[in-house]
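Novice: Protein chains in written order, with my numbering: chain P, 90 to 594; chain W, 435 to 586; chain B, 40 to 160. Virtual Cβ for every residue (Gly too), placed ideally from N, Cα, C.
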Amino acid sequence: METLPLFIAIPLAVAFLFPVFEKLSLRRALLDGLAVLATAALLAGSLGLLAQPDRVYWIGGWAPPVTGINLVSDGLSRLMLVVVQAISFFSIVFSLRYMDRYSSRGFYYGLFFLLLAGMNGVVLTGDLFNLFVFIEIAAIASYALVAFGCESEELEASFKYLVLGSVSSAFILLGVGMLYNLTGTLNMAEVAAKAPALSGLPIMAMVGACFLFGFGLKAAMVPFHAWLPDAHPSAPAPISAMLSGVLIKAGGVYVLFRLFFSVFGMDLLYARVFMALGAVSMLIGVLLAVGQWDFKRLLAYHSISQMGYVLLSVGVGGEVLARGGPTPVAALAVFAGLFHLVNHAAFKSLLFLCSGSMEYVTGTRQLAEMGGLSRPMPLTGLACRVAALSISGIPPFNGFWSKLLIIIAIVQAGHYALAALTVLVSFLTLLSFIKVQRYALEGPLPELLRSVREAGLAMSLPLLALAALCLLGGLLLPLYAGALFTPAQEAMLSGLNYARAILGG
Amino acid sequence: MQATSESGGGLSPIVKTVARWMAGFILVFGLSVVLYGHLTPGGGFAGGVVLSAAFILVVLSHGRREVLQILSERAPTIYDGLAALAFLLLAVLGYAAGGFFLNFLPKGQPFQLWSGGIIPLCNLAIGVKVGACLFGVFAALAVFRHLHQRSA
Amino acid sequence: MPTLDHLPYLFAMLLFVIGLYAIVAKKNLVKLILGLIVIEYAVNLFLLLLGYRGGGVAPILTRRDAPAEFLARTVDPLPQALILTAIVIGLGTLALVTALALRLYDRYGTFDITEIKKLKG
């Protein structure tokens with residue numbers, strides 16, 4: 090039996106079950122069990138998919154020559170699928186205890202799985218309009234989750250996020266419409282087959298601009314980043330981990346890679362735009378982060394900065410490819426970008442979960458009001474330290490290896506100034522996380538927080554698991570790179586051959 | 435109008451009676467739009483909107499207080515979830531015949547009511563879902579909000 | 040060369056810009072929401088225009104039509120399906136944004152965004 094549609098069908102089914110359960114006032118253990126079971130099954134399924142070759146599934150049997158909607162499992166989508174399932178599993182386990190403070194657990198799980206279904210759909214689909222629909226499913230679920238606590242700040246952040254998100258969706262739909270008019274198809278592979286004939290048309294610049302704005306806003310790249318520092322910290326901590334850890338990747342960066350590498354074909358202009366967006370996001374994000382005192386807000390600004398690394402690195406890869414430079418350099422740049430994307434998912438969701446754990450016991454997110462938390466909360470403290478060292482790029486944690494690879498790739502591509510900028514941003518990141526450690530974990534324990542304790546094993550276990558991933562992800566890279574990254578890197582570098590891989594011939 | 439809707443008391447008996455009569459016709463019309471969705475313009479979504487309009491009309495004319503006595507807060511959510519699950523079930527049942535969303539029922543003759551395989555069933559599920567969902571949204575914003583309102 | 044046939048497209052774009060203007064310049068939450076709706080309908084109108092062909096008929100096959108002749112005359116139905124989906128999505132967004140605006144009104148007693156700013160910006 091074909092399993093690809095189940096990655097969308099299972100979360101959707103579970104998402105619709107939860108509100109019914111909530112309204113029937115079923116036992117809490119049943120809800121928790123179903124949520125953990127569903128995410129665990131999806132994680133196992135996505136890991137199983139890694140061992141299988143690329144394949145295409147045509148929904149409802151509408152295969153070419155009558156192209157319907159297709160689901161595609163290639164290297165890049167498998168990589169994203171595993172990341173999404175892994176982070177959602179850890180977030181759900183963390184939620185079991187953390188969501189005690191909120192009512193309506195069933196609605197929370199329902200929205201969570203709707204978000205998951207949307208992201209899985211985005212990652213798997215091979216159809217442009219379907220992509221738009223799934224992005225909207227994920228986005229609407231995330232708007233509601235940001236406002237889940239119904240406090241004034243949360244409502245305000247959610248409103249801002251919703252307005253900007255809807256504008257970006259309108260631009261995406263506009264781009265899809267224009268592309269349909271140009272090519273007469275919505276299938277990404279068929280568009281890719283016609284892309285060489287279209288390149289250079291003035292209208293293609295318009296289409297590219299629509300998609301860059303639309304998905305750039307979803308990925309919170311710098312001129313379009315204003316919503317992220319409000320929206321991500323306002324959500325409950327496990328949702329912050331999902332939004333920062335995977336939504337801006339699956340709904341933003343992944344789609345940019347997919348469209349501009351596989352569907353339009355990378356050219357020099359797009360590559361330079363990627364590099365510029367990446368470099369600016371990297372720098373501005375970290376500069377805004379350094380001055381923050383709200384822990385979660387600081388983390389949110391770092392998300393912008395770290396995604397800048399990913400976009401810059403992949404953009405450099407695309408540029409080398411487009412100007413006909415050495416393929417190994419392009420391959421290294423793309424590889425490093427994808428590696429950093431996965432690492433960022435691991436350490437940023439870990440950081441957000443740590444902030445949630447601290448907020449759960451201390452009741453505050455302000456760094457100035459915390460202090461000495463590593464003594465009463467040794468496990469959270471340890472996990473937080475590991476994540477901070479990872480994001481700052483300290484060996485032997487995973488962030489160090491991916492940043493090292495990014496810098497090597499940029500130097501090999503000949504962009505020395507950008508490499509220097511990358512190193513500088515890395516130092517600034519370290520600086521701001523020294524501040525986090527100094528104020529949250531070290532120093533005297535404030536009088537008010539004398540009685541805090543670790544929040545329990547259900548909250549500590551996901552932290553420790555993610556911390557282990559941060560450590561081993563870098564050290565064991567040679568062991569799993571061939572299964573996870575190489576196929577993804579090949580899928581991106583093969584560019585417009587995407588069309589041939591899907592449609593055959 | 436303003437005063438009555440603020441207190442949730444409903445409109446005059448003439449309006450209430452006419453609204454009750456109309457609601458029945460609107461329901462029948464909505465159902466026909468849903469059931470003939472695979473043959474004529476319309477279908478699950480359009481028909482579902484019409485279905486929810488019938489309920490909304492009754493709420494508007496009878497006012498909040500009267501409606502709250504017969505309306506369960508959880509009914510729209512439950513019908514919404516179950517209809518969505520039914521739609522998904524139709525998609526997954528396709529696996530038995532060979533594929534996700536495969537139209538596994540006999541297609542029948544074009545232009546007959548019983549034709550199109552699973553499409554009328556999908557329309558029915560969507561119609562119930564949209565009707566329940568839209569009415570749920572309306573009820574949440576216009577009726578139940580006043581129950582849960584916290585002080586600002 | 041732009042001709043009179045391009046005028047509807049221009050109007051769709053104009054509508055889009057009007058919606059954007061409302062979102063950027065207006066300070067009332069309700070007007071912001073109206074701006075969102077205008078943008079959405081501008082995009083829908085644009086998609087509808089893409090499927091149009093001069094003198095086309097509605098893409099609904101009836102018993103009286105000969106399929107071959109019908110196919111030659113009908114407008115493109117796909118954009119209409121896309122619009123229907125986009126309308127449904129827009130409806131969901133609209134329901135959510137209305138609920139948010141009402142909650143904000145409960146908290147602040149105003150729809151003015153200049154008075155709703157607990158966040159730093």
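Rounded to whole angstroms, what is the Cα-Cα separation between Pro153/P and Ser323/P?
Specialist: About 45 Å.
Novice: Take the Cβ of Leu348/P as the centre, count every other Cβ of all protein chains shown within 10 Å, and call the residue buried at 16 or more, exposed below.
Specialist: buried
Novice: Closest Cβ-Cβ distance between Thr25/B and chain W: below 8 Å?
Specialist: Here chain B covers residues 40 to 160 and nothing more, so residue 25/B does not appear.
Novice: Could you confirm whether any beta carbon from chain P is found closer than 8 Å to the beta carbon of Val577/W?
Specialist: no
Novice: Does the beta carbon of Leu204/P come closer than 8 Å to any beta carbon on chain W?
Specialist: no
Novice: For Val512/P, which residues of its own chain have a beta-carbon under 7 Å away from its beta-carbon, when the five flanking residues on both sides are left out?
Specialist: Ile496
Novice: Once DSSP output is grouped into helix, strand and coil, what is the label at Asn159/P?
Specialist: strand
Novice: Cβ closer than 7 Å: which chain W residues qualify as neighbours of Lys112/P?
Specialist: Arg508, Thr511, Ile512
Novice: Are there 16 or more other CB atoms within 10 angstroms of the CB of Asp163/P, so buried, or fewer, so exposed?
Specialist: Buried, since its Cβ has 16 or more Cβ neighbours within 10 Å.
Novice: Please specify which runs of the alpha helix (DSSP H), each continuous and at least 4 residues long, are wholly inside the stretch 381 to 452 of chain P, giving them in chain order.
Specialist: Every alpha helix (DSSP H) stretch that sits fully inside the stretch 381 to 452 of chain P and reaches 4 residues is listed by chain position as 384 to 411, 416 to 451.
Novice: Quick check on Thr469/P: does DSSP put it in helix, strand or coil?
Specialist: helix
Novice: Considering just the uninterrupted stretch of the beta strand (DSSP E) at Arg144/P, what are its terminal residues?
Specialist: 144 to 147
Novice: Any idea which residues DSSP pairs Thr113/B with across the strands?
Specialist: As DSSP reads the structure, Thr113/B sits in a beta bridge with Val96/B.
Novice: Would the stretch 561 to 579 of chain W count as touching the stretch 497 to 505 of chain W if we require 3 or more Cβ pairs under 8 Å?
Specialist: yes
Novice: My assumption, with CB atoms under 8 Å, is that Phe522/P sits in contact with Ile480/P. Please give the rounded CB distance.
Specialist: The beta-carbon distance between Phe522/P and Ile480/P, rounded to whole angstroms, is 6 Å. This is short enough to meet the 8 Å contact definition.
Novice: Taking C-beta pairs closer than 9 Å, name the residues in chain B that Ala236/P reaches, listed in chain order.
Specialist: Leu135, Ala138, Leu139, Arg142
Novice: Check each candidate in Leu119/P, His429/P, Phe218/P and name the one with the smallest Cα separation from Lys338/P.
Specialist: Nearest C-alpha to Lys338/P: His429/P.
Novice: The alpha helix (DSSP H) spanning Thr128/P covers which residue range?
Specialist: Segment 117 to 139, the alpha helix (DSSP H) holding Thr128/P.
Novice: Whose C-alpha, out of Thr451/P, Ser135/P, Ala389/P, is nearest the C-alpha of Leu537/P?
Specialist: Thr451/P
Novice: Can you list the residues of chain W that Leu123/B reaches, using a CB-CB cut of under 8 Å?
Specialist: Phe479
Novice: Across the stretch 556 to 575 of chain P and the stretch 448 to 467 of chain P, are there enough close Cβ pairs to call them in contact, namely three or more that are closer than 8 Å?
Specialist: no
Novice: Tell whether a beta-carbon distance below 8 Å holds between Val409/P and Gln578/P.
Specialist: No, they are not a contact pair.
Novice: Interface residues of chain P around Gly532/W at Cβ under 9 Å?
Specialist: The CB of Gly532/W comes closer than 9 Å to the CB of Gly150 in chain P, given here in chain order.
Novice: Helix, strand or coil, according to DSSP, for Asn537/W in the structure here?
Specialist: Residue state, collapsed to three classes: coil.
Novice: If I'm right that Val493/W touches Val484/W with Cβ under 8 Å, what's the distance once you round it to whole angstroms?
Specialist: Going by Cβ atoms, the distance from Val493/W to Val484/W rounds to 15 Å, so no, they are not a contact pair.
Novice: Any C-beta of chain P sitting closer than 8 Å to the C-beta of Arg146/B?
Specialist: Yes, Arg146/B counts as interfacial toward chain P.
Novice: Less than 8 Å between the CB atoms is what I'm expecting for Lys385/P and Phe441/P, so what's the real figure, rounded?
Specialist: The beta-carbon separation of Lys385/P and Phe441/P, rounded to 7 Å, stays under the 8 Å limit for a contact.
Novice: How do the stretch 277 to 289 of chain P and the stretch 136 to 147 of chain B stand: do at least 3 beta-carbon pairs fall below 8 Å, yes or no?
Specialist: Flag = no, the stretch 277 to 289 of chain P and the stretch 136 to 147 of chain B do not touch.
Novice: For Leu539/W and Cys299/P, I'd like the C-alpha separation in whole angstroms.
Specialist: 41 Å
Novice: Glu91/P CB to nearest chain W CB: under 8 Å?
Specialist: yes
Novice: By the three-class DSSP mapping on this structure, what secondary structure does Ala586/W have?
Specialist: Only weak support exists for where Ala586/W lies, its pLDDT of 35 falling under 50; the value from the coordinates is given anyway. Ala586/W: coil per DSSP, three-state reduction.
Novice: Can you round the beta-carbon distance between Leu71/B and Gly266/P to whole angstroms, since I take them to be within the 8 Å contact cut?
Specialist: Not quite, the Cβ-Cβ distance comes to about 24 Å (not below 8 Å), so this is no contact.
Novice: Excluding the five sequence neighbours on either side, which residues of its own chain have a C-beta within less than 7 Å of the C-beta of His504/P, listed in chain order?
Specialist: Val405
Novice: Give the secondary structure of Asp319/P by DSSP, where H, G and I count as helix, E and B as strand, and everything else as coil.
Specialist: Correct three-state label for Asp319/P: helix.
Novice: Can you have a look at Gln174/P and say buried or exposed, based on whether 16 or more other CB atoms are within 10 angstroms of its CB?
Specialist: The residue is buried, with at least 16 neighbouring Cβ atoms inside 10 Å.
Novice: Grab me the residues of Val335/P's own chain with a C-beta within less than 7 Å of its C-beta, minus the 5 sequence neighbours each way, in chain order.
Specialist: Val172, Val173, Ile176, Met208, Ala434
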